[in-house]
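Trainee: Read top to bottom, the protein sequences are chains A and B. For the first sequence, the numbering used here assigns the number 1 to the initial residue and increments by one for each residue that follows. For the second sequence, the numbering used here assigns the number 1 to the initial residue and increments by one for each residue that follows. Positions of the beta carbon are idealized from the N, C-alpha and C atoms, including for glycine. If you're wondering where the values come from, they're calculated on a predicted model, not measured in any experiment. To start, I am sharing the structure in question, which I have written as structure tokens.
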Amino acid sequence: MMQWQRPYLAVLSARYRMLLQYRAAALAGFGTQLFWGAIRLMILAAFYDASTQAQPMSMSDIVPYVWLGQALFAMLPWNVDAELVQKIRDGSVAYELLRPLDLYTFWYARTLALRTAPTTLRCIPMIAFAMLLLPAVGLEDWAMPLPPSLLAGSLFCLSIAMAFLVTTAITMLIHISLLWTISAQGADRVMPAVVMMFSGMVVPLPLLPDWVQPLLVAQPFRGLVDVPFRIYSGNIAPDVASIEILQQVVWLLLLIWLGRRLLARGTQQLVIQGG
Amino acid sequence: MNALRLYWQYLMVSIRAQLQYRGAFLIAALGQFLSTGIEFLGIWALFDRFGHLQDWKLAEVALFYGVVNCAFALADALSTGFDQFGAAYVKTGDFDRILLRPRSTILQLAGHELALRRVGRLAQGMVVLVWAAGSLDVTWNMAHIGLLIFTIIGGICFFFGLIVLQAILSFWTIESLEIMNVLTYGGLESAQYPLSIYHVAFRRFFTLVIPLACISYFPIVGVLGIADPLGSPALFQWLSPSVGVGFLLLALQLWKMGVRHYTSTGS
Chain A
1 MMQWQRPYLA VLSARYRMLL QYRAAALAGF GTQLFWGAIR LMILAAFYDA STQAQPMSMS
61 DIVPYVWLGQ ALFAMLPWNV DAELVQKIRD GSVAYELLRP LDLYTFWYAR TLALRTAPTT
121 LRCIPMIAFA MLLLPAVGLE DWAMPLPPSL LAGSLFCLSI AMAFLVTTAI TMLIHISLLW
181 TISAQGADRV MPAVVMMFSG MVVPLPLLPD WVQPLLVAQP FRGLVDVPFR IYSGNIAPDV
241 ASIEILQQVV WLLLLIWLGR RLLARGTQQL VIQGG
Chain B
1 MNALRLYWQY LMVSIRAQLQ YRGAFLIAAL GQFLSTGIEF LGIWALFDRF GHLQDWKLAE
61 VALFYGVVNC AFALADALST GFDQFGAAYV KTGDFDRILL RPRSTILQLA GHELALRRVG
121 RLAQGMVVLV WAAGSLDVTW NMAHIGLLIF TIIGGICFFF GLIVLQAILS FWTIESLEIM
181 NVLTYGGLES AQYPLSIYHV AFRRFFTLVI PLACISYFPI VGVLGIADPL GSPALFQWLS
241 PSVGVGFLLL ALQLWKMGVR HYTSTGS
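Here's what the structure looks like:
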């Protein structure tokens, strides 16, 4: 293994293991998310029951979409790294700047832990519930199915891995914006609403009106939810999935490039707080 | 009367304090306006795609949505002291100080903060409510408007009661219990749609165990003046918001019992 990666992998693994300790919060999150999933499914099923015309997604595509959404909810860029915010506010960010490391990669590694660790804790009980327990109590129609093929499953794994990298890059942009706004009450208050809507977390994107579809295709947030979840159910067929994953990669590179530029500018004009 | 004046002063101090940070307040309110607004956008999109939900039209669902969001926003703004009770009072031991003062604990906690940022949700709920009221074929006489206001008052009491129950639990658990979000936010989420679309077990839970339907579904069916798919009589629909008031009174009684159980953390 090359030497330069070691500090970044070390911070990733240390932060990941630290964040895995918050089990009580994860359990409460699981309960809430479970309830949400049930409501969502009942509402969408009620719409589908009364509908006679063909829809861009079938109810059997909706079921895994909703459960995956509840299981992976914590991966969305809805919060910030409180410790990092504190560092920026009290001026100890200066120490971060002194490290002989690439600052973007260093923060990216700890942000990746912030996005993955809580999600790991929450998704395991949720998937177990939706996949194993629901069929066991006779609610097969509401249970989360396996992907239709091994190929679809592997492509989903690839796509969700990309989604984690993209969501980390978006969280990084919010972190970097704090260099200007100092308090954590700027981008992080307004961003979540935008991300929820445009990722597909509120309503699966194909169900939004046909006339907005061209706009929805050309934005990065669908790569967080809509793309991987529809690859899972087979609603995005395996032969087009590779193009979708390629789009995720392009967005990832763009977001990282943007983050790096803003961070460079931010550190140049940074005024260290505190004393 | 003295208590009311003191409560009023608490609220005024809280408002003045929050307006010191005008930028933070505006962004928090805007964030809440947006994050609740997308919920309605989602409902609109589903109606745009499917046309109707069983026999319900968009304007009818919008009335459910508007009423329950207004009630929740007001209850949420007024009950911050109870909402943060575990973390802010029990864990720190500050509740000891509250107990020493010669005023009721309920008054002091209710006066903890009037959370202005909740105007984001309130404004959004009002917009939807006014739009729904205008697009429906309801003749808005005094009785209908009265029932609508009664429903919102019942709803404020109901959600306030739920948050008091959450605070009572922290006498034992010390921490604030996030799991109660299932009832508060989960109740809000489900009451945005007519209860009749849900599974029967779910409907029973939110009627008989937690009387959410009495401050949303039943009275609003009364306002709409339609035959209830669930078959409730009109008289019940018009009286049901009082269950929300009763729920709050019950919660406050339980609170008094909880206070007697309180042992300080000593911190």
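1. Give me the Cα-Cα distance between B:G187 and B:A213, rounded to the nearest whole angstrom.
2. I need the DSSP call for B:W140, collapsed to helix, strand or coil.
3. List, in chain order, every chain B residue whose beta-carbon is nearer than 7 Å to that of A:D207.
4. What residue does the alpha helix (DSSP H) around B:L4 start on, and which one ends it?
5. Please state whether DSSP places B:L53 in a helix, a strand or coil.
6. Can you tell me the Cβ-Cβ gap for B:F50 and A:F47, rounded? I've got them flagged as a contact below 8 Å.
7. At 3 residues or longer, what runs of the beta strand (DSSP E) sit wholly inside the segment 34-71 of chain A?
8. Quick check: B:H112 and B:T139, are their CB atoms within less than 7 Å of each other?
9. I want to see whether chain B comes within less than 7 Å of A:R290, judged by CB atoms only; does it?
10. Could you give the uninterrupted runs of the alpha helix (DSSP H) lying entirely in the segment 66-151 of chain B, keeping only those of 4 residues or more?
11. Can you give the beta carbon distance from B:G231 to B:C157, rounded, assuming they're within the 8 Å contact cut?
12. Any C-beta of chain A sitting closer than 7 Å to the C-beta of B:Q108?
13. Between the segment 83-98 of chain B and the segment 215-234 of chain B, can you find at least three pairs of beta-carbon atoms closer than 8 Å?
14. Roughly how many whole angstroms lie between the Cα atoms of A:A25 and A:L19?
15. If you measure between the beta carbons of A:E244 and A:V227, is that distance less than 7 Å?
16. Which residues of the segment 178-199 of chain B have a Cβ closer than 8 Å to any Cβ of chain A? Give them in chain order.
17. Below 7 Å on C-beta distance, what does B:Q54 contact in chain A?
18. How many whole angstroms separate the CB atoms of B:A201 and B:F64, which I take to be in contact at a CB cut-off of 8 Å?
19. Please list, in chain order, the chain B residues whose beta carbon lies closer than 8 Å to that of A:I174.
20. What did DSSP end up calling A:P228 once you bin it into helix, strand or coil?
21. Check whether the Cβ of B:S35 lies closer than 7 Å to any Cβ atom in chain A.
22. What residue range does the alpha helix (DSSP H) around A:R189 cover?
23. Mapping DSSP to helix, strand and coil, what is A:I176?
24. Residues in the segment 21-35 of chain A with C-beta within 9 Å of chain B's C-beta atoms, listed in sequence order?
25. Taking a cut of 7 Å between CB atoms, which residues from the segment 21-32 of chain B lie near chain A?
26. Could you check whether the Cβ of A:V240 sits closer than 7 Å to any Cβ belonging to chain B?
27. Return no unless some Cβ of chain B is closer than 7 Å to the Cβ of A:R122.
28. In whole angstroms, what separates the C-alpha of A:Q303 from that of A:L179?
29. Secondary structure at A:P77, three-state DSSP: helix, strand or coil?
30. Between B:I38 and chain A, is the shortest Cβ-Cβ distance under 7 Å, so that the two count as touching?
31. Using a threshold of 7 Å, state whether the C-beta atoms of B:H199 and A:M42 are closer than that.
32. Would you call the segment 24-38 of chain A in contact with the segment 113-125 of chain A, where contact means no fewer than 3 C-beta pairs closer than 8 Å?
33. Please state whether the Cβ-Cβ distance between A:T119 and A:M75 is less than 7 Å.
34. Using three-state DSSP, classify B:Y198 as helix, strand or coil.
35. Measure from the C-beta of A:A117 to each C-beta in chain B and report whether the shortest distance is under 7 Å.
36. So, with DSSP's three-state summary, where would you put A:P145?
Mentor: Quick answer:
1. 9 Å
2. coil
3. For the sequence presented, residue 207 of chain A should be read as Leu rather than Asp. Ordered by position in chain B, the residues that pass the 7 Å Cβ test against A:L207 are A45, L46, R49.
4. 2-19
5. strand
6. 5 Å
7. none
8. no
9. A query on residue 290 of chain A cannot be resolved here, the shown segment of chain A reaching from 1 to 275 and no further.
10. 80-83, 95-100, 105-110, 119-135
11. That belief does not hold up - the Cβ atoms of B:G231 and B:C157 are roughly 26 Å apart, past 8 Å.
12. no
13. no
14. 11 Å
15. yes
16. E178, I179, N181, V182, Y185, G186, E189, S190, Y193, I197, Y198, H199
17. A46, A50
18. Rounded, the Cβ-Cβ distance is 20 Å, inconsistent with contact.
19. Per Cβ cutoff of 8 Å: no residues; A:I174 is ~13 Å from chain B at best.
20. helix
21. yes
22. 187-199
23. helix
24. A24, A25, L27, A28, G29, G31, T32, L34, F35
25. A24, I27, A28, L30, G31
26. no
27. no
28. Lying outside 1 to 275, the shown extent of chain A, residue 303 of chain A is not represented and no answer is given.
29. coil
30. yes
31. yes
32. yes
33. yes
34. coil
35. no
36. coil
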